[in-house]
Amino acid sequence: MSNQLILNGGGLAGRFWRGVGLVVLLLAAVVALGPLLWTLTTSLRTPAEAFTNPPKWLPVNPDFGNYSAVFQQVPIGTFLLNSTIVTMLIVVGQTITCTLSGYAFAMIRFPGRNAIFGIFLATMMVPLQTIIIPVFVIVKTLGLTDSLGALVIPALGSAFGTFLMRQYFMQMPLELGEAARIDGASQFQIFTMVYARMAAPAVATLAILNFSAFWAEFYRPLIFLQSQDTFTLPLGLVGLQGNLGTGSISVVLAGVVLAMVPSVLLFVFAQRYFIEGVTAGSFR
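Numbering (our numbering), first residue to last: 20 to 303.
So, in structure tokens, the structure goes:
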């Protein structure tokens, strides 16, 4: 009887709860996608249509002039270039440093390993706002204020990235490294030729998370950058806020949509690696 219920999907009660789950998921999707859809459609409205009541989800006459207004009002090409340089350097830097440190904490035994890793984890609980002043003093001492290096250099290491990679390496069999060591491989060769290649899904996951985080970063650029030539995209788009005084929120949202495009494209093309990294146990 019970087997028959399982084959039938758990009977009426099972179908009821699956329906409830489906409704909850649909509501969650609407809540998650609603603001994104409103941002996209409002970026195509005229100022007069932006605040119509009741609101219309689709613009009557799509106005792409809002996007050209963004290029006319701010040097968005410079902002895009600066954000690309900063984000890619941080992604590459953290991929290298976090993979090495995660491997060391997972595979190499050395005195105080657990205590040092505990200190690493403790730094994740310290908010950026509490250490921004010492970091700013260091950046100023190095002469990096108002430069892209002020954003890149302090972000080349990450406690979260180290934790993520360590958890992934800890699931790999030690026998592979021991076999390579018997064949005469050095520790660095074991890392590069064996374990680093197997960690590709976790590395991709770390790269995607870092790209999303630092592409949209606003707080550190606000503190470290002063001249418009060095502004990254989130900070540079503040220059569009003058449109709010004229009621043309559509131009502001057109800039927001342009800023979202790289992150969306990255997730669309790399989601297979991201899902593979998560399902392979990156967050266990």
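Yeah, the Cβ is synthetic: ideal placement off N, Cα and C, and Gly gets one too. This structure is a prediction, so every number in the text was calculated from the model and none was measured.
What are the boundary residues of the alpha helix (DSSP H) that includes E197? Residue mapping note: residue 197 aligns to position 178 of the sequence shown, counting from 1. Per DSSP, E197 belongs to the alpha helix (DSSP H) from 193-201.
With 16 other CB atoms within 10 Å as the buried threshold, where does G224 fall? Sequence index remark: in the sequence shown, residue 224 carries index 205 (1-based). In the sequence under discussion, the amino acid at residue 224 is Thr, which differs from the Gly named in the question. Result: buried.
For G168 and K159, the rounded distance between their alpha carbons: On the sequence shown, residue 159 is found 140 positions in, with the first residue counted as 1. On the sequence shown, residue 168 is found 149 positions in, with the first residue counted as 1. Whole-angstrom Cα-Cα distance: 11 angstroms.
So, at 8 angstroms on beta carbons, what are the nonlocal neighbours of I127 in its own chain, with the 5 sequence-adjacent residues on each side left out? Here residue 127 refers to the residue found at position 108 when the sequence shown is read from its first residue. Closer than 8 angstroms at the Cβ level, and outside the excluded window around I127, lie Q206.
Going straight from the alpha carbon of G42 to that of A178, what length do you get? Here residue 42 corresponds to residue number 23 of the sequence shown, with the count starting at 1. Here residue 178 corresponds to residue number 159 of the sequence shown, with the count starting at 1. Before going on, a small fix: residue 42 reads as Val here, not Gly. Each residue's Cα considered, the two are about 38 angstroms apart.
Output the distance between the C-alpha atoms of A273 and G38, rounded to the nearest integer angstrom. The count along the sequence shown starts at 1 and reaches residue 273 at position 254. The count along the sequence shown starts at 1 and reaches residue 38 at position 19. About 38 angstroms.
DSSP three-state label for L225, please. Residue mapping note: residue 225 aligns to position 206 of the sequence shown, counting from 1. Note: L225 maps to helix in three-state DSSP.
With H, G and I counted as helix, E and B as strand and the rest as coil, what does DSSP make of S21? By 1-based counting over the sequence shown, the position of residue 21 is 2. Note that S21 scores 49 on pLDDT, short of 50, meaning its location in the model is unreliable; the coordinates nonetheless yield the value given after this. Of the three classes helix, strand and coil, the one that applies to S21 here is helix, per DSSP.
Under 8 angstroms between the Cβ atoms of A304 and Y187? Because the chain is modelled from 20 through 303, residue 304 falls outside the range shown and cannot be assessed.
What's the call for E194, buried or exposed, on a 16-neighbour Cβ count within 10 Å? Taking the sequence shown and counting its residues from 1, the one referred to as residue 194 is at position 175. Classification of E194: exposed, given that the 10 Å Cβ count is below 16.
Taking the Cβ atom as the reference point for each residue, do V280 and S62 lie within a distance shorter than 8 angstroms? If you number the sequence shown from 1, residue 280 lands on position 261. If you number the sequence shown from 1, residue 62 lands on position 43. For V280 and S62, no; Cβs fall outside 8 angstroms.
In this structure, does DSSP put V283 in helix, strand or coil? Within the sequence shown, residue 283 is the residue found at index 264, counting from 1. V283: helix per DSSP, three-state reduction.
Do you know offhand how far I109's Cα is from R34's? In the sequence shown, counting from the first residue as 1, residue 109 sits at position 90. In the sequence shown, counting from the first residue as 1, residue 34 sits at position 15. C-alpha separation (whole angstroms): 48 angstroms.
Confirm, please, whether the CB-CB distance from Y214 to M191 is below 8 angstroms. On the sequence shown, residue 191 is found 172 positions in, with the first residue counted as 1. On the sequence shown, residue 214 is found 195 positions in, with the first residue counted as 1. Yes, these two residues count as a Cβ contact at 8 angstroms.
Could you tell me the alpha carbon to alpha carbon distance between E68 and P78, rounded to whole angstroms? Within the sequence shown, the letter at position 49 stands for residue 68. Within the sequence shown, the letter at position 59 stands for residue 78. Roughly 8 angstroms between the two C-alpha positions.
Measuring straight from C-alpha to C-alpha, what distance separates F139 and V271? As a working note, residue 139 is residue 120 in the sequence shown. As a working note, residue 271 is residue 252 in the sequence shown. Taking the straight line joining both Cα atoms gives about 40 angstroms.
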